[in-house]
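In mature numbering (1 follows the signal peptide of the UniProt record, and there is no 0), the protein residues as written are -24 to -1, 1 to 256. Glycine included, each C-beta is placed from N, C-alpha and C at the ideal position. Below is one structure, written out as structure tokens; the observations come after it.
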């Protein structure tokens, strides 16, 4: 599989409710969702690690009989991972799991297969298996940024905030990581979930410096501003997010609460009407 054949994981991540500030008049806030990262089998990038980045040490020679050589084995495993992701995206979890387990039978060290299985198990509520496969993905993925970003997101959803931040930092330390803004945005979102508003603002503002229309970062900054009772600033971030990609149900709820704090009942009613029409 070529480096360009990177597979997008379609994964809706659970959101957290942030605790209130202690002020009785301040409503609770919804945290924006974290996003998953692209994951694929990645070829060796030089001698950074003791072996291949995915720790795959199969021989490049045929071992005789029905055994495949290392490259063929990895390629066949990657094909099954891709099939597993497609079935996962369609909600056909049983077939997806079958394909992914077959991928691991061929290549037990496939970090991408472990990651997709972890996501699948988390989706169906099997936390123990999800945790096992997330850890295996990191074990075999080495210092791979996209793997560490997904692992950090998992740790954050388990409310292991310090460990999550460490994983995000490790992801950002990967010089080959193509989308560091994903880990940076998720680090900010996780800091927001843990109530560390200054840290959240630091990460999210860095994302917006590079990508001014990043919706996740804009909504994260709206939450930060809301927590500080900077309602005009929060409104500005929400409006930018709305113009950049629209608002999901959580963001519409936040937008309505911001307008209520500002005394604009008409704008609040408009956001709540949009929320109702979206099924909220």
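Cβ separation of residue 194 and residue 220, assumed to be a contact under 8 Å, to the nearest whole Å:
About 7 Å; that satisfies the 8 Å criterion.
Count the other C-beta atoms from every protein chain shown that fall within 10 angstroms of the C-beta of residue 210, then say buried if there are 16 or more, exposed otherwise.
Sixteen is the threshold: when 16 or more other Cβ atoms of the shown chains lie within 10 Å of the Cβ of residue 210, as they do, the residue is buried.
Tell me which same chain residues have a C-beta within less than 8 Å of the C-beta of residue 159, skipping the five on either side of it?
Excluding sequence positions up to five before and after residue 159, its CB lies within less than 8 Å of the CB of 13, 121, 124, 125, 128, 144, 147, 148, 153, all in the same chain and listed in chain order.
Looking at the structure shown, is residue 100 part of a helix, part of a strand, or coil, going by DSSP?
Secondary structure of residue 100 (DSSP, three-state): coil.
Alpha-carbon spacing of residue 73 relative to residue 234, whole angstroms
Looking at the two C-alpha atoms, the distance is approximately 43 Å.
Is DSSP giving residue 273 helix, strand or coil here?
Because residue 273 is not part of the residues shown, which for the chain are -24 to 256, the question remains open.
Rounded to whole angstroms, how far is the Cβ of residue 92 from the Cβ of residue 110, which I believe are closer than 8 Å?
Not confirmed; about 11 Å, so no contact.
In angstroms, rounded to a whole number, what distance separates the CA positions of residue 228 and residue 49?
So the two alpha carbons sit approximately 48 Å from each other.
Report the start-end ranges of each alpha helix (DSSP H) in the segment 47 to 128 that is 4 residues or longer and not cut off at the edges.
Within the segment 47 to 128, the complete alpha helix (DSSP H) runs of at least 4 residues fall at 69 to 82, 87 to 99, 103 to 117.
If you draw a straight line from the alpha carbon of residue 239 to that of residue 207, how long is it in whole angstroms?
For residue 239 and residue 207, the distance between alpha carbons rounds to 10 Å.
Using only the alpha-carbon positions, how far apart do residue 249 and residue 218 sit?
Rounded to the nearest angstrom, the gap between the Cα atoms of residue 249 and residue 218 is 15 Å.
Where does residue 199 fall in DSSP's three states?
DSSP, read as helix, strand or coil, puts residue 199 in helix.
Helix, strand or coil, according to DSSP, for residue 213 in the structure here?
Correct three-state label for residue 213: helix.
Just to check my reading of the structure: residue 52 and residue 82 have Cβ atoms closer than 8 Å, yes? What is that Cβ distance to the nearest angstrom?
Contact flag correct, Cβ pair sits at about 5 Å.
Using a Cβ-Cβ cut-off of 7 Å (strictly less than) and excluding sequence neighbours within five positions of residue 79, which residues of its own chain qualify?
Correct list, in chain order: 53, 56, 57, 60, 86, 89.
In whole angstroms, what is the alpha-carbon distance linking residue 116 and residue 191?
Taking the Cα positions, residue 116 is about 32 Å away from residue 191.
Which listed residue (168, 132, 222) has its alpha carbon closest to that of residue 202
Residue 168 is the option with its Cα nearest to residue 202.
Indicate the three-state DSSP secondary structure (helix, strand or coil) for residue 229 in the structure shown.
Here residue 229 sits in helix by DSSP.
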